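In what follows, a single structure is set out as structure tokens and then discussed.
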Amino acid sequence: MTYAIRAQNLAKLYQIGQRREMAKYATLRDSLAGLLRRPLGRASVGSVDLWALNDISFDIKFGEVVGIIGRNGAGKSTLLKVLSRITDPTSGRAELYGRVASLLEVGTGFHPELTGRENVYLNGAILGMRKAEIDRNFDEIVAFAEIDKFIDTAVKFYSSGMYVRLAFAVAAHLSPEILIVDEVLAVGDARFQKKCLAKMQDVGQQGRTVLFVSHSMQAILRMCDRTILLDGGSVVADGPSHKVVNTYLGKDQGAMGQREWLDPARAPGGEVARLRAVRACDPAGVIENTVDIRTPIIIEMEYEVLKGGYVMIPHFYLVNDDNIRILTSIDMDPEWRRRLRPAGRYVSRVAIPGNFLAEGTIYVEAGLTTLEPQIGQWYEKDVATFQVADNMEGDSARGDWGGKIQGIVRPLLDWSTTYSGS
Amino acid sequence: MSAVNTQPTVLPAEPVKAPHKPLVVIGSGGSPFALRLRDVWEYRELFYFLVWRDVKVRYKQTLLGAAWAIIQPLMTMLIFTIIFGRLAGISSDGHPYPVFSYAGLLPWQFFSAALGAASNSLINSSAMVRKVYFPRLVLPVSAVLAGLVDFAIAFVVLLGLMLFYQVVPTLAVLLLPLFLLQAVITAIGVGLWLSAVNARYRDVRHAVPFIVQFWLFATPVVYPSSLLSEPWRTLFGLNPMAGVVEGFRWALLGSAPPSGMIAFSALISLVLLVSGLFYFQSVERKFADVI
Numbered sequence: 096m097t098y099a100i101r102a103q104n105l106a107k108l109y110q111i112g113q114r115r116e117m118a119k120y121a122t123l124r125d126s127l128a129g130l131l132r133r134p135l136g137r138a139s140v141g142s143v144d145l146w147a148l149n150d151i152s153f154d155i156k157f158g159e160v161v162g163i164i165g166r167n168g169a170g171k172s173t174l175l176k177v178l179s180r181i182t183d184p185t186s187g188r189a190e191l192y193g194r195v196a197s198l199l200e201v202g203t204g205f206h207p208e209l210t211g212r213e214n215v216y217l218n219g220a221i222l223g224m225r226k227a228e229i230d231r232n233f234d235e236i237v238a239f240a241e242i243d244k245f246i247d248t249a250v251k252f253y254s255s256g257m258y259v260r261l262a263f264a265v266a267a268h269l270s271p272e273i274l275i276v277d278e279v280l281a282v283g284d285a286r287f288q289k290k291c292l293a294k295m296q297d298v299g300q301q302g303r304t305v306l307f308v309s310h311s312m313q314a315i316l317r318m319c320d321r322t323i324l325l326d327g328g329s330v331v332a333d334g335p336s337h338k339v340v341n342t343y344l345g346k347d348q349g350a351m352g353q354r355e356w357l358d359p360a361r362a363p364g365g366e367v368a369r370l371r372a373v374r375a376c377d378p379a380g381v382i383e384n385t386v387d388i389r390t391p392i393i394i395e396m397e398y399e400v401l402k403g404g405y406v407m408i409p410h411f412y413l414v415n416d417d418n419i420r421i422l423t424s425i426d427m428d429p430e431w432r433r434r435l436r437p438a439g440r441y442v443s444r445v446a447i448p449g450n451f452l453a454e455g456t457i458y459v460e461a462g463l464t465t466l467e468p469q470i471g472q473w474y475e476k477d478v479a480t481f482q483v484a485d486n487m488e489g490d491s492a493r494g495d496w497g498g499k500i501q502g503i504v505r506p507l508l509d510w511s512t513t514y515s516g517s
Numbered sequence: 150m151s152a153v154n155t156q157p158t159v160l161p162a163e164p165v166k167a168p169h170k171p172l173v174v175i176g177s178g179g180s181p182f183a184l185r186l187r188d189v190w191e192y193r194e195l196f197y198f199l200v201w202r203d204v205k206v207r208y209k210q211t212l213l214g215a216a217w218a219i220i221q222p223l224m225t226m227l228i229f230t231i232i233f234g235r236l237a238g239i240s241s242d243g244h245p246y247p248v249f250s251y252a253g254l255l256p257w258q259f260f261s262a263a264l265g266a267a268s269n270s271l272i273n274s275s276a277m278v279r280k281v282y283f284p285r286l287v288l289p290v291s292a293v294l295a296g297l298v299d300f301a302i303a304f305v306v307l308l309g310l311m312l313f314y315q316v317v318p319t320l321a322v323l324l325l326p327l328f329l330l331q332a333v334i335t336a337i338g339v340g341l342w343l344s345a346v347n348a349r350y351r352d353v354r355h356a357v358p359f360i361v362q363f364w365l366f367a368t369p370v371v372y373p374s375s376l377l378s379e380p381w382r383t384l385f386g387l388n389p390m391a392g393v394v395e396g397f398r399w400a401l402l403g404s405a406p407p408s409g410m411i412a413f414s415a416l417i418s419l420v421l422l423v424s425g426l427f428y429f430q431s432v433e434r435k436f437a438d439v440i
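Protein sequence lines, in the order shown, are assigned to chains A and B.
Count along the first sequence from 1, then add 95; that gives the number in this note's numbering.
Count along the second sequence from 1, then add 149; that gives the number in this note's numbering.
Right, dumping it as structure tokens:
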């Protein structure tokens with residue numbers, strides 16, 4: 096068996112103080128002060144240890160295309176940095192059997208004052224390409240980037256799309272035995288993204304080994320046969336991509352669009368009320384794992400009131416991938432508002448409109464509170480998870496823009512532009 | 150949206166063979182005394198491209214362009230001539246003071262500019278350091294080498310000055326490349342130290358201008374080292390730039406060579422280079438975390 100990458104017990108420790116923007120670099124004074132306080136120990140005053148990678152081991156065979164997924168802060172980027180030799184692991188080791196090129200960012204080292212042509216050479220050299228190699232691929236790079244007319248223009252005059260296309264084109268023509276790619280495909284317009292994906296697939300089919308980090312499950316499923324899931328700096332799943340992706344999205348709770356508590360004794364809640372199920376489904380009631388950004392999604396909770404005579408407020412929280420609470424939504428149905436509820440089974444539904452949530456993973460949290468007395472009966476995290484995906488057909492709020500979009504919601508708003516003459 | 154372009158044909162690529170020995174081992178620690186120069190050699194073209202970039206970009210969007218490479222030493226020489234040559238009446242070993250000071254300023258300004266550029270080279274390229282692997286050595290070294298272009302331009306002015314004052318070089322002029330090499334070695338050595346420390350402690354950024362200023366007066370640029378008697382003159386070679394500057398004067402103007410000092414300073418330059426290399430390589434893998 097031939098391996099391309101063998102990682103054994105890789106670990107990386109960061110001292111949080113080191114990582115924070117403000118305290119990113121020390122001054123001599125701090126270190127001297129630390130030395131005075133702890134003359135013999137290590138100067139680590141006021142910093143907290145964080146294991147960005149914790150005992151990571153895996154073997155990757157030659158020619159495998161492997162995806163790496165996980166929530167933000169799971170250690171994906173750190174792993175790529177260690178394997179790219181950008182930073183050393185704190186302990187453990189890894190063997191790389193072949194020339195490695197890593198692409199953690201497109202256009203690193205691009206200089207705005209230089210022309211496209213000059214930047215191709217500069218960037219190529221930075222990524223480890225030989226001049227002869229760049230010469231050989233030059234025409235192809237320019238054709239791939241679709242900027243032939245502007246190749247001798249300074250890149251500071253490029254549009255951001257042109258800039259990114261040229262930068263990716265250079266990187267796409269790297270021909271190492273092992274290619275390590277961070278989420279760099281989330282740039283450019285949708286068509287160019289597809290082209291880049293196709294190019295990367297070609298790389299994989301040439302028998303090269305590719306390690307590929309992405310938040311896009313579609314890209315992972317399409318490109319990688321095998322996927323590694325990281326969480327908290329450890330490998331929590333490693334296997335066929337569709338299985339690992341399901342594990343990730345469902346967080347081990349079976350179908351991710353729904354969660355049911357079949358055993359009432361284990362269900363959240365108490366003597367007054369108990370949660371039985373939470374579902375995320377389309378308007379027709381079909382449980383959805385991936386939701387088109389343009390279509391509404393229904394989130395419902397099914398619960399049992401065991402003790403009648405309370406006013407109840409069921410509510411949901413939606414949380415995104417960055418652990419930001421996008422919204423809190425409270426049951427406003429006039430039928431049951433301020434009305435004492437008899438015991439029995441209930442289903443409370445809320446419709447989240449289409450063209451409202453941003454792309455990405457949405458985690459649903461469910462709660463129920465009684466009024467008078469005000470008591471939280473349950474608050475349950477991650478009761479359902481779904482993916483909001485944009486099909487890039489141009490009629491969502493992203494319009495014709497294919498790049499990253501900031502913001503935690505993405506409503507489709509009314510715009511008008513008037514022309515007032517020249 | 151426009152039709153999808155035809156994919157550029159992918160070459161049927163040289164069949165990729167799996168090597169049986171790891172090409173790279175990460176986290177093995179490695180001997181602290183192993184200079185990873187083979188790796189640096191692999192990236193030799195990057196030196197060229199970075200130097201070329203620095204040179205190309207340096208005078209972009211300036212009105213006077215490369216004339217700055219002449220204006221700086223020329224104006225400094227004028228000021229030195231007025232203050233130190235005329236007002237203070239400092240000896241110039243019998244040479245016209247303008248030529249005397251310019252011959253010293255030439256390597257000095259190369260050195261001081263190289264030091265400034267090298268010490269900030271890692272920080273100025275922090276995006277590269279955090280996102281791409283390459284031997285970090287390339288950054289400070291290419292920053293130093295880029296200064297050679299300015300040196301060459303300023304050198305032309307020296308030729309003009311020598312012509313004007315009718316200074317005829319002796320055979321010693323053949324040694325000039327050696328002294329230039331020493332200046333380069335010294336700048337790289339000190340640049341490696343400063344850039345590596347600067348990555349960790351930004352104090353360096355503030356200290357460098359001060360160090361350079363102090364160092365100038367500790368170097369026989371405005372005065373001749375003949376003011377010192379032996380053995381102090383030889384000990385003066387502890388400052389390697391003293392040897393470089395006196396070497397330049399010897400090679401260009403034919404001043405009597407303070408050979409003891411020059412030999413001693415050459416040794417110090419080598420010590421700086423070698424220690425700089427070891428120190429730099431012992432900390433370079435931490436750069437991405439601290440920069």
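Even glycine gets a Cβ: it sits at the ideal position worked out from N, Cα and C.
Just so it is clear, the structure is predicted and the values come from calculations on it, not from any experiment.
The residue among A:375, A:428, A:275 with its C-alpha nearest the C-alpha of residue 393 (chain A) is A:375. For residue 206 (chain B), the C-beta contacts it makes with chain A under 8 Å involve 206, 208, 209, in order along the chain. Proximity to residue 321 (chain A) across A:506, A:158, A:377, A:148 peaks at A:158, based on C-alpha coordinates. The beta carbon of residue 485 (chain A) is closer than 7 Å to those of 388, 454, 491, 493 in its chain, skipping five residues each way along the sequence. The beta carbon of residue 342 (chain A) sits closer than 7 Å to the beta carbons of 324, 332 from its chain, once the five residues preceding and following it are set aside; these are given in chain order.
Using a Cβ distance threshold of 8 Å, residue 381 (chain A) and residue 478 (chain A) do not count as a contacting pair.
Sorting A:362, A:234, A:272 by C-alpha distance to the C-alpha of residue 97 (chain A) places A:272 at the top.
Taking a cut-off of 8 Å for Cβ pairs, the segment 252 to 263 of chain B and the segment 367 to 375 of chain B touch, as three or more such pairs fall below it.
The segment 296 to 311 of chain A makes contact with the segment 159 to 170 of chain A; the number of CB pairs closer than 8 Å reaches 3 or more. For residue 151 (chain A), the enclosing beta strand (DSSP E) starts and ends at 144 to 156. Every beta strand (DSSP E) of 3 residues or more that sits fully in the segment 361 to 399 of chain A is shown, in chain order, as 368 to 376, 385 to 387. Not a single C-beta of chain A is nearer than 8 Å to the C-beta of residue 385 (chain B). Around the beta-carbon of residue 419 (chain A), fewer than 16 other beta-carbon atoms lie within 10 Å, marking it exposed. Under the DSSP definition of a beta bridge, residue 196 (chain A) partners with A:274. Neighbours of residue 283 (chain B) in chain A, taken as residues whose beta carbon is under 8 Å from its own, are 221, 223 in chain order. Separation of residue 350 (chain B) and residue 200 (chain B) (C-alpha to C-alpha, rounded to the nearest whole angstrom) is 26 Å.
DSSP, read as helix, strand or coil, puts residue 315 (chain A) in helix. Against chain A, the beta carbon of residue 360 (chain B) has no neighbour under 9 Å; the closest one sits roughly 14 Å away. Considering only A:99, A:385, A:452, the residue with the shortest C-alpha distance to residue 153 (chain A) is A:99. A residue is called buried once 16 or more other Cβ atoms fall within 10 Å of its Cβ, and residue 224 (chain B), having fewer, is exposed. Across the structure, residue 237 (chain A) and residue 336 (chain A) are spaced so that their CA atoms are roughly 34 Å apart. DSSP places residue 474 (chain A) in the strand class (E or B) of the three-state scheme. Rounded to the nearest whole angstrom, the CA to CA distance from residue 377 (chain B) to residue 396 (chain B) is 16 Å. Counting only the Cα atoms, residue 252 (chain B) lies some 7 Å from residue 307 (chain B). Apart from sequence neighbours up to five positions away, the residues of its chain that approach residue 370 (chain A) with a beta-carbon distance below 6 Å are 362, 363, 364, 398, 473, ordered along the chain. Put simply, of B:274, B:341, B:391, B:414 the residue whose alpha carbon is nearest the alpha carbon of residue 203 (chain B) is B:274.
At a beta-carbon threshold of 9 Å, the residues of chain B lying near residue 200 (chain A) are 276, 279, 280, 281, ordered along the chain. For chain A, the residues of the segment 416 to 439 of chain B that bring a beta carbon within less than 8 Å of one of its beta carbons are 434, 435, 437, 438, 439, in chain order. CA-CA distance, residue 353 (chain B) to residue 272 (chain B), rounds to 11 Å. About 7 Å separates the Cβ atoms of residue 189 (chain A) and residue 101 (chain A), confirming a contact at the 8 Å cut-off.
Not flagged as an interface residue toward chain A: residue 187 (chain B), since no C-beta distance is shorter than 8 Å.
For residue 326 (chain B), no Cβ of chain A is located within less than 8 Å of the residue's own Cβ. In the DSSP annotation of this structure, the continuous segment of the alpha helix (DSSP H) that includes residue 429 (chain B) starts and ends at 408 to 432. If the five residues before and after residue 241 (chain B) are omitted, its C-beta is found closer than 6 Å to the C-beta atoms of 249, all from its own chain and listed in chain order. Counting only runs of at least 4 residues, the segment 189 to 254 of chain A fully encloses the following alpha helix (DSSP H) elements, listed from N- to C-terminal order: 211 to 221, 226 to 240.
A:185 is the residue among A:359, A:185, A:104 whose C-alpha sits nearest the C-alpha of residue 144 (chain A).
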